[in-house]
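Participant: Pasting a structure below so you can have a look.
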Amino acid sequence: MHKRKDIITCRIINGGWLKENKGINLPGVSVSAPSLTAKDIKDLNFGIKMGVDYFALSFVRSADDVKQIKKYISKQGQNTPVIAKIEKPEAVENLDSIIQVADGIMVARGDLGVEMKPEKVPAIQKTIIKAAILANKPVITATQMLETMSVHPIPTRAEASDVANAIYDGTDAVMLSGETTMGKYPVETVGMMARIAVRTERSAFMKYNLKHKKPQDDPVAHAVARSATKILHELDAKGILAFSVSGSTARLISQNRPSNPVFAFSPSMSTCNQLTLVWGITPLYLPSIKDARQLIEASVRIMLNKELTKTDDLIVIVIGLGFKKGSTNMIKVHRIGQDD
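Rendered as structure tokens:
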């Protein structure tokens with residue numbers, strides 16, 4: 006293998022079709038190219054203009070890569086959250102520092118399985134998911150989940166188990182890629198993944214015993230979130246109703262992986278959109294209301310109108326004094342129709 010100007014001559018070991026505009030992986034090689042390219046800047050500007058909910062950064066190697074893109078977004082006057090795609094060995098080595106600065110994590114198993122030995126990927130996937138949950142950052146498991154459905158109407162049993170096991174691990178979301186962008190059965194594939202997810206979440210194996218670290222920030226909110234989840238399970242309540250401008254309260258509750266939905270009300274449509282990615286959350290828009298009683302009444306009406314609850318259901322309400330950041334400090338067990 007040698008290089009001449011802008012031409013690289015390679016020796017073929019395993020032949021096959023090489024199509025245009027394909028990415029190149031160099032396992033074991035430390036790449037010096039910047040993670041944020043001129044094309045990325047152009048795409049960022051377009052995304053900011055269109056008001057996208059998230060940006061995902063490919064081939065992250067360190068926390069500095071994430072900081073760079075967040076700095077650029079901030080300079081444009083926006084704070085769009087950034088998802089770091091973990092697909093290189095350097096990213097696995099720097100996982101904790103990357104999670105600390107990123108707003109979400111993606112287990113990008115396709116390139117990760119090329120950059121590292123395939124037999125290492127399952128354990129790494131579990132490690133990444135657990136670390137993201139403990140840091141209260143949403144995590145997506147992606148790539149080749151139902152690959153067979155790119156050309157066949159049903160997946161293999163191994164693929165169905167793969168999707169289910171990612172959910173058992175606690176991933177916030179499972180993602181399709183080639184199956185829906187180029188596959189022959191995109192709608193059927195989405196439906197299949199949704200059915201696997203629903204059946205998996207209803208199974209008896211859906212139990213989490215994560216030992217959370219003692220929170221350094223806002224211990225009251227963390228304690229309230231944990232307590233609300235315990236009450237939900239003990240009473241088998243319909244769900245947890247939470248109010249938040251930024252979505253932080255709902256995320257704290259989600260971190261405990263409650264068995265029933267978290268109905269997250271927010272006066273921010275952007276927050277509602279972003280919360281769709283987070284485990285077990287049903288986001289609902291509600292204009293800001295300062296009075297706590299009126300806030301609860303309005304939210305219950307919305308839930309009844311959307312048939313998310315019914316009379317006599319028990320719900321656990323997590324609330325503070327209005328939509329004020331850091332004010333989440335109260336739990337109320339509410340019976341629909343009797344306490345309204």
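Just so we're aligned: the sequence shown equals residues 6 to 345 in this note's numbering. A virtual CB, placed ideally from N, CA and C, is assigned to each residue, including glycine.
1) Looking at C-alpha atoms only, which residue of Thr314, Gly109 and Ser67 is the closest neighbour of Ser102?
2) Taking 6 Å as the limit between beta carbons, can you name the residues of its chain near Asp174, skipping five residues before and five after?
3) Go to Arg204, then tell me how far its alpha helix (DSSP H) extends in each direction, as first and last residue.
4) Whole-angstrom Cβ separation of Ser271 and Gly244, contact assumed at under 8 Å?
5) For the alpha helix (DSSP H) containing Tyr77, list its first residue and its last residue.
6) Just mark Val267 as buried or exposed, buried being the case when its beta carbon has 16 or more other beta carbons within 10 Å.
7) Where does Arg114 sit, in a helix, a strand or coil, going by DSSP?
8) Over the uninterrupted beta strand (DSSP E) stretch that includes Tyr233, give me the two end residues.
9) Determine whether the beta carbon atoms of Val126 and Ala107 lie at a separation below 7 Å.
10) Between the Cα of Glu164 and the Cα atoms of Gly28, Lys72, Ala228 and Thr148, which residue gives the shortest distance?
11) Checking 7 Å against the spacing of the C-beta atoms, do Ala96 and Ile110 come in under that value?
12) When we look at the beta-carbon of Val112 and count the other beta-carbons within 10 Å, is it buried (16 or more) or exposed?
13) Among residues of its own chain, excluding the 5 on either side of Phe60, which ones have a beta-carbon nearer than 8 Å to its beta-carbon?
14) Does the Cβ of Arg162 have 16 or more other Cβ atoms within 10 Å, making it buried, or fewer, making it exposed?
15) Contact between the stretch 229-247 and the stretch 256-264: three or more CB pairs below 8 Å?
16) Please state whether the Cβ-Cβ distance between Ile320 and Ala242 is less than 7 Å.
17) By a C-beta neighbour count over all protein chains shown, 10 Å radius and 16 as the cutoff for buried, is Trp284 buried or exposed?
18) When the distance is taken between beta carbons, is Ala269 closer than 7 Å to Ile286?
19) Rounding to the nearest angstrom, what Cα-Cα distance links Phe210 and Glu193 in this structure?
20) Considering only residues of the stretch 101-149, which uninterrupted alpha helix (DSSP H) runs meet the minimum length of 4 residues and lie entirely inside it, listed in chain order?
21) Would you kindly work out how many angstroms separate the C-alpha atoms of Leu289 and Cys15, rounded to a whole number?
22) Can you give me the Cβ contacts of Gly342 inside the same chain, cut-off strictly under 7 Å, excluding the 5 residues immediately before and after it?
23) Below 8 Å CB to CB, which residues in the same chain sit around Met121 once its five sequence neighbours on both sides are set aside?
24) In the DSSP assignment, what residue or residues form a beta bridge with Tyr290?
25) For the alpha helix (DSSP H) containing Val97, list its first residue and its last residue.
26) With DSSP as the reference, label Ile301 as helix, strand or coil.
27) Does the Cβ-Cβ distance between Ile322 and Lys311 come in under 7 Å?
28) Which of the three DSSP states is assigned to Met180 in this structure?
29) Under the three-state reduction of DSSP, which class applies to Arg16: helix, strand or coil?
30) Within this structure, are the beta carbons of Val346 and Ile201 separated by less than 7 Å?
31) On the CB-based measure, 16 or more other CB atoms within 10 Å of its CB, does His7 come out buried or exposed?
32) Given a threshold of 16 other Cβ atoms within 10 Å of its Cβ, counted over all protein chains shown, does Gln81 qualify as buried or as exposed?
33) Do you know how far the Cα of Gln299 is from the Cα of Gln115?
34) When DSSP labels each residue in this structure, what does Val156 get in the three-state scheme?
35) Give me the Cα-Cα distance between Phe64 and Val119, rounded to the nearest whole angstrom.
Facilitator: Reading it off the structure:
1) Here residue 102 refers to the residue found at position 97 of the sequence shown. That would be Ser67, whose Cα lies nearest to the Cα of Ser102.
2) Numbered from 1 along the sequence shown, position 169 holds the residue referred to as residue 174. Contacts found: Lys131 and Ile134.
3) As a working note, residue 204 is residue 199 in the sequence shown. Arg204 -> alpha helix (DSSP H) spans Pro191 to Glu206.
4) Translated into the one-based positions of the sequence shown, residue 271 becomes position 266. Translated into the one-based positions of the sequence shown, residue 244 becomes position 239. At roughly 16 Å, the Cβ-Cβ gap does not stay under 8 Å, so Ser271 and Gly244 are not in contact.
5) Position 72 of the sequence shown holds residue 77. Ala68 to Lys80 is the span of the alpha helix (DSSP H), which, as asked, contains Tyr77.
6) Within the sequence shown, residue 267 is the residue found at index 262, counting from 1. Its Cβ being crowded by 16 or more others within 10 Å, Val267 is buried.
7) Locating residue 114 in the sequence shown gives position 109, where the first residue counts as 1. Three-state DSSP puts Arg114 in a helix.
8) Locating residue 233 in the sequence shown gives position 228, counting from the first residue. Here the sequence assigns Ala to residue 233, which means Tyr is not the residue at that position. First-last for Ala233: Pro224 to Leu240, but that is the alpha helix (DSSP H), not the beta strand (DSSP E).
9) In the sequence shown, counting from the first residue as 1, residue 126 sits at position 121. In the sequence shown, counting from the first residue as 1, residue 107 sits at position 102. Contact: no.
10) Counting from 1 along the sequence shown, the entry for residue 164 is found at position 159. Of Gly28, Lys72, Ala228 and Thr148, the residue nearest in Cα terms is Thr148.
11) On the sequence shown, residue 96 is found 91 positions in, with the first residue counted as 1. On the sequence shown, residue 110 is found 105 positions in, with the first residue counted as 1. Cβ distance not < 7 Å, so Ala96 and Ile110 don't count as in contact.
12) Position 107 of the sequence shown, counted from the first residue, corresponds to residue 112. So Val112 counts as buried.
13) By one-based count along the sequence shown, residue 60 stands at place 55. Around Phe60: Leu49, Gly52, Ile74, Ile78, Thr85, Pro86, Val87 and Ile88.
14) To locate residue 162, count along the sequence shown from 1; it is residue 157. Burial call: exposed.
15) yes
16) In the sequence shown, counting from the first residue as 1, residue 320 sits at position 315. In the sequence shown, counting from the first residue as 1, residue 242 sits at position 237. Pairing Ile320 with Ala242 gives a Cβ-Cβ distance under 7 Å.
17) On the sequence shown, residue 284 is found 279 positions in, with the first residue counted as 1. Classification of Trp284: buried, given that the 10 Å Cβ count is 16 or more.
18) Sequence index remark: in the sequence shown, residue 286 carries index 281 (1-based). Sequence index remark: in the sequence shown, residue 269 carries index 264 (1-based). For the pair Ile286 and Ala269, the CB atoms are nearer than the 7 Å cut-off.
19) Here residue 210 is taken as the residue at index 205 of the sequence shown, counted from 1. Here residue 193 is taken as the residue at index 188 of the sequence shown, counted from 1. If I take the Cα positions, the gap works out to 26 Å.
20) You should have 114-120 and 126-139.
21) Residue 289 sits at position 284 when you count from the first residue of the sequence shown. Residue 15 sits at position 10 when you count from the first residue of the sequence shown. Rounded to whole angstroms, Leu289 to Cys15 spans 54 Å at the Cα level.
22) Looking up residue 342 in the sequence shown gives position 337. For Gly342, where only same-chain residues beyond five positions count, the Cβ hits under 7 Å are Thr316 and Asp317.
23) Translated into positions along the sequence shown, residue 121 becomes position 116. Closer than 8 Å at the Cβ level, and outside the excluded window around Met121, lie Pro32, Pro94, Val97 and Ile129.
24) Taking the first residue of the sequence shown as 1, we reach residue 290 at position 285. Answer by DSSP bridge pairing, in chain order: Ser271.
25) Locating residue 97 in the sequence shown gives position 92, where the first residue counts as 1. Counting along the chain, the alpha helix (DSSP H) containing Val97 begins and ends at Pro94 to Glu98.
26) To locate residue 301, count along the sequence shown from 1; it is residue 296. Reduced to three states, the DSSP call for Ile301 is helix.
27) For the purposes of this step, residue 322 is identified with residue 317 of the sequence shown, where counting begins at 1. For the purposes of this step, residue 311 is identified with residue 306 of the sequence shown, where counting begins at 1. Using a Cβ distance threshold of 7 Å, Ile322 and Lys311 do not count as a contacting pair.
28) In the sequence shown, counting from the first residue as 1, residue 180 sits at position 175. Correct three-state label for Met180: strand.
29) Counted from its first residue, the sequence shown places residue 16 at position 11. If DSSP states are grouped into helix, strand and coil, Arg16 belongs with coil.
30) This structure cannot settle anything about residue 346, because the visible part of the chain is limited to 6 through 345.
31) In the sequence shown, residue 7 corresponds to position 2, counting from 1. Exposed, because fewer than 16 other Cβ atoms sit within 10 Å of the Cβ of His7.
32) Sequence index remark: in the sequence shown, residue 81 carries index 76 (1-based). Burial call: exposed.
33) One-based indexing of the sequence shown puts residue 115 at position 110. One-based indexing of the sequence shown puts residue 299 at position 294. The question names Gln, yet the displayed sequence has Gly at residue 115. If you take the alpha carbons of Gly115 and Gln299, they lie about 49 Å apart.
34) As a first step, residue 156 is located in the sequence shown; it is residue number 151 there, counting from the start. In the structure shown, Val156 sits in coil (DSSP, three-state: anything other than H, G, I, E or B).
35) Translated into positions along the sequence shown, residue 64 becomes position 59. Translated into positions along the sequence shown, residue 119 becomes position 114. Spanning the two alpha carbons is a distance of roughly 12 Å.
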